Amino acid sequence: MKNKELKKRILSSLILIPITFFLVIKGSYFFITFLSIIYLISIYEWFKMCKKSLIKILGIIFLSFSFYSAFLIREYSELHFFLFIILICIFTDIGGYVFGKVFKGPKLIKLSPNKTYSGVIGGFLFSLIAGFLYLKFVEIRIFKFDNITKLYFILIISFISQIGDLVISYFKRKANIKDTGNILPGHGGLLDRIDGLIFVLPIVYLKIFILL
């Protein structure tokens, strides 16, 4: 059963990731439509998962700001920078999943029993490899920094992404459900896949466009 789920996860990833990058790169109405659809599905999954009205409202406000941040970053910064953020979050998730399955080991916290210390290390390692490979071939003008600063930035993005994963895992545990939905074969719900990104984007927006 686990091998079957893994195959579904890999197959759906091979389909979804290129489509996502294509729509992000195209921009304009393609990206806005894509973003709107993901936003509505995320709101639906959050609304279905949470029972308390106040939490539902706060979650909707947060998701609205997160998706608005995604729009602003895509529209008013370099495309390469936006793709860089998505790439770090994707490979953080992949690294955590691969290392967690292969090495297993001690559990991280009770909030999410499937998260392990090896998964955390894998998330950081994969994000660093993907991030530095990306920056080797793509110049991001918005930043002019040395390798130490690049390392720091990638680790911070990966860390926030993993925190987002734990936060959504906490609410899933409270709701006594395994996945936020079943829209993505082998992955569960949409929020299961973008949990890290929805926390990263608002912080990046505030840091780069507001606080600097």
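According to the numbering used here, the sequence shown is numbered sequentially starting from 99.
Note that the Cβ used here is the ideal one computed from N, Cα and C, for glycine as well.
Just so we're clear, the structure is a prediction, and the values are computed from it rather than from any experiment.
Please look up how many angstroms separate the CB atoms of residue i and residue j, rounded, as I've assumed it's under 8 angstroms.
i: K272; j: T278; result: No, K272 and T278 are not in contact; Cβ-Cβ is about 12 angstroms, not under 8 angstroms.
i: V218; j: L206; result: 6 angstroms
i: F169; j: A228; result: The Cβ separation is near 24 angstroms, so there is no contact.
i: I281; j: L288; result: 6 angstroms
Closest by CA to residue i, which one among the options?
i: L249; options: F224, D290, V122, I266; result: F224
i: T247; options: K146, F132, Y142, F230; result: F230
i: V236; options: F179, V298, P116, S216; result: F179
i: Y303; options: I155, S175, K213; result: S175
i: R239; options: F257, T214, F182; result: F182
i: Q260; options: N280, F222, G287, I281; result: F222
i: I292; options: K276, C187, K150; result: C187
i: V196; options: G203, P204, G220; result: G220
i: I115; options: S151, L152, K150, D191; result: D191
i: L317; options: L121, P204, S151, G294; result: What is shown of the chain runs 99 to 310, which leaves residue 317 out entirely.
Can you grab the Cα-Cα spacing for the pair residue i / residue j, in whole Å?
i: D290; j: F201; result: 22 angstroms
i: I141; j: G193; result: 27 angstroms
i: I123; j: S167; result: 17 angstroms
i: G198; j: R172; result: 32 angstroms
i: F313; j: F119; result: The requested residue 313 does not occur in the structure, where the chain is confined to residues 99 to 310.
i: I252; j: N245; result: 10 angstroms
i: C148; j: N274; result: 10 angstroms
i: W144; j: G157; result: 7 angstroms
i: M99; j: K146; result: Only weak support is given to the placement of M99: the predicted model assigns it a pLDDT of 45, under 50, and the question is left unresolved by the model.
i: F41; j: V298; result: No answer is possible for residue 41: it lies beyond the span of the chain, which begins at 99 and ends at 310.
i: P300; j: I184; result: 13 angstroms
i: N212; j: S126; result: 38 angstroms
i: I255; j: I117; result: 23 angstroms
i: F214; j: I155; result: Sequence inspection shows Thr at residue 214; the Phe mentioned does not correspond to that position. Their backbone Cα atoms lie some 31 angstroms apart in a straight line.
i: I130; j: I258; result: 25 angstroms
i: L133; j: G294; result: 16 angstroms
i: I153; j: K305; result: 26 angstroms
Quick check on DSSP: helix, strand or coil for residue i?
i: N245; result: helix
i: T278; result: coil
i: K205; result: strand
i: K150; result: coil
- Task: May I ask you to verify whether the region 159-174 touches the region 131-141, counting CB pairs closer than 8 angstroms and requiring at least 3?
- Result: yes
- Message: When you compare the region 260-267 with the region 231-238, are there three or more beta-carbon pairs, one atom per stretch, that lie closer than 8 angstroms?
- Response: no
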